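Scroll down for the structure; my scribbles are underneath it.
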Amino acid sequence: GMTVGQAVVWASQNIDPKYTNPELTTSEPYVMGSHATCSGAWVSGPEDISPPEYFWGYNRMLTVEGLFGAGDTVGGTAHKFSSGSFTEGRIAAKAAVKYIQDMGDDKIQVSNKQCDDLKEIIYKPLENYTVGRNEITAGTVSPSYILPIQGLQRLEKIMDEYCGGIGVNYMTNGNLLTKCIELLEILQEDLEHIGAEDLHQLMRGWELKHRTITSECVAQHTLFREETRWPGYYYRGDHMKLDDENWHCLTVSRRDPKTAKWTMEKAPLYHIVD
């Protein structure tokens, strides 16, 4: 019951939780910076309380200069939920405005070619659909593209079965995670041929691409951390115990945008608030 959508479900079934006990069921683990797992992007903290390793100039700026995170993006601050998420948005927006003002027109340069190249990349799924639909001989299946819903079904099946979803009672291991990463890499290759029939499906297509990269990040971190840090959210069947001696730390990943390869490392965990 921690989502807005839950209220919609209650309304659609004439349930007032004040008087009626709603049904409960387990679900998949969520990738949320604001939930109990402290996952999320590595962002600069506030100057007044952050140690040097957690602060690099602008509050909530990621390690990519000029890119800011808010809400569920921001890691390491569990249980902020909805009110905390929109508060994060306000913090990030103020910091982003300050960054823009400090940089000025001379330091932020974007060429027309950069814009044109991005437009071509962003709208490519529309072109894939326009060309590929002419090759359909029956039904709706094209040999030249896949639809966002088809890719989403593949992604959810991979993550559920190999990365500790509800279908396997949140249990995974090193071999399953290695296979998971392999299947996600294949999926990302196929997503280069995703087709979108309209702007809504274009949004869904890009949402799917971003989800797939995020899912690979989850798999990489779960494989790298050889312990069960969050019992109830996932279990490493080959490393079932909590290992504070070796893993009481943060794990940081980097993805090379050119090669799509990941590098992993440990980072110190400082308890800022007692």
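Each step along the sequence shown adds one to the number in my numbering, with nothing skipped, and position 256 is 449. Cβ coordinates follow ideal geometry from the N, Cα and C atoms, glycine included. Fair warning: this is a prediction, and the values are worked out from it, not measured in the lab.
Nonlocal neighbours in the same chain, by C-beta distance under 6 angstroms from V488, ignoring five residues either side: The displayed coordinates of the chain run from 194 to 467. Any statement about residue 488 would go beyond what the structure contains.
Every unbroken beta strand (DSSP E) within the region 335-377, with a cutoff of 3 residues, ordered by chain: none
Three-state class that DSSP yields for S232 in the structure shown: On the sequence shown, position 39 is the one that residue 232 refers to. Coil.
Buried or exposed (CB count within 10 angstroms, at least 16 for buried), C373: For this step, residue 373 is matched to residue 180 along the sequence shown. By the neighbour-count rule (16 or more Cβ atoms within 10 Å), C373 is buried.
CB contact flag (L348, R404, <8 angstroms): Indexing the sequence shown from 1 puts residue 348 at position 155. Indexing the sequence shown from 1 puts residue 404 at position 211. Going by C-beta atoms, L348 is nearer than 8 angstroms to R404.
DSSP beta-bridge partners of R458: Reading the sequence shown from its first residue, position 265 is the one you call residue 458. Reading off the sequence, residue 458 comes out as Glu, not Arg. According to DSSP, E458 bridges with V445.
Alpha helix (DSSP H) runs wholly inside the region 383-435, at least 4 long, in chain order: 392-417
A389 vs P318 beta-carbon contact at 8 angstroms: For the purposes of this step, residue 389 is identified with residue 196 of the sequence shown, where counting begins at 1. For the purposes of this step, residue 318 is identified with residue 125 of the sequence shown, where counting begins at 1. Against a cut-off of 8 angstroms, the Cβ pair of P318 and A389 comes out as a contact.
Opening and closing residue of the alpha helix (DSSP H) in which Y212 lies: Residue numbering aside, residue 212 sits at position 19 when the sequence shown is read from its first letter. Premise fails: Y212 is in no alpha helix (DSSP H) and is neither H nor E.
Beta-carbon proximity check, V303 vs C356, cutoff 8 angstroms: By one-based count along the sequence shown, residue 303 stands at place 110. By one-based count along the sequence shown, residue 356 stands at place 163. In this structure, C356 does not lie closer than 8 angstroms to V303 by Cβ.
Candidates T415, W440, E438, of which the one nearest Y428 by Cα: As a working note, residue 428 is residue 235 in the sequence shown. The residue with the shortest Cα to Cα distance from Y428 is T415.
The region 418-432 touching the region 363-370, judged by at least three CB pairs closer than 8 angstroms: yes
V267 - partner residues in DSSP beta bridges: Within the sequence shown, residue 267 is the residue found at index 74, counting from 1. The partner list for V267 (beta bridge, DSSP) reads A234.
Three-state secondary structure assigned by DSSP to L255: The residue labelled residue 255 in the question sits at position 62 within the sequence shown. Looking at L255 - three-state DSSP - the assignment turns out to be strand.
Per-residue burial, E409 [other beta carbons within 10 Å of its own, 16 or more giving buried]: Position 216 of the sequence shown, counted from the first residue, corresponds to residue 409. It counts as buried.
CB of M254 within 8 angstroms of CB of A288, strictly: Start at 1 with the first residue of the sequence shown, and residue 254 comes out as number 61. Start at 1 with the first residue of the sequence shown, and residue 288 comes out as number 95. Against a cut-off of 8 angstroms, the Cβ pair of A288 and M254 comes out as a contact.
For F248, three-class secondary structure by DSSP: The residue given as residue 248 occupies position 55 in the sequence shown. Three-state result, F248: coil.
Assigned exposure category for I351 - 16 Cβ within 10 Å defines buried: Taking the first residue of the sequence shown as 1, we reach residue 351 at position 158. Buried, because 16 or more other Cβ atoms sit within 10 Å of the Cβ of I351.
Residue of R326, K306, V324, K459 minimising C-alpha distance to F417: Mapped onto the sequence shown, residue 417 falls at position 224. Residue K459 is the option with its Cα nearest to F417.
Buried versus exposed, by CB contacts within 10 Å (16 or more), Q307: Stepping through the sequence shown from its first residue, residue 307 is reached at position 114. Exposed, because fewer than 16 other Cβ atoms sit within 10 Å of the Cβ of Q307.
Spatial distance of S243 from G259 (CA atoms): As a working note, residue 243 is residue 50 in the sequence shown. As a working note, residue 259 is residue 66 in the sequence shown. Whole-angstrom Cα-Cα distance: 20 angstroms.
Residue environment, L462, which counts as buried when at least 16 other CB atoms sit within 10 Å: Here residue 462 refers to the residue found at position 269 of the sequence shown. Classification for L462: exposed.
Distance between G198 and T213 (C-alpha atoms, nearest Å): On the sequence shown, position 20 is the one that residue 213 refers to. On the sequence shown, position 5 is the one that residue 198 refers to. Taking the straight line from one Cα to the other gives about 18 angstroms.
Paired residues, beta bridge with F261 - DSSP: Counted from its first residue, the sequence shown places residue 261 at position 68. Answer by DSSP bridge pairing, in chain order: M254.
Buried or exposed by the 16-neighbour rule on C-beta atoms within 10 Å, applied to I293: Your numbering for residue 293 matches position 100 in the sequence shown. With fewer than 16 Cβ atoms within 10 Å of its Cβ, I293 is classed as exposed.
Pick from D391, D265, E246 that is closest to C231, judged by C-alpha positions: To locate residue 231, count along the sequence shown from 1; it is residue 38. Nearest of D391, D265, E246 to C231, Cα basis: D265.
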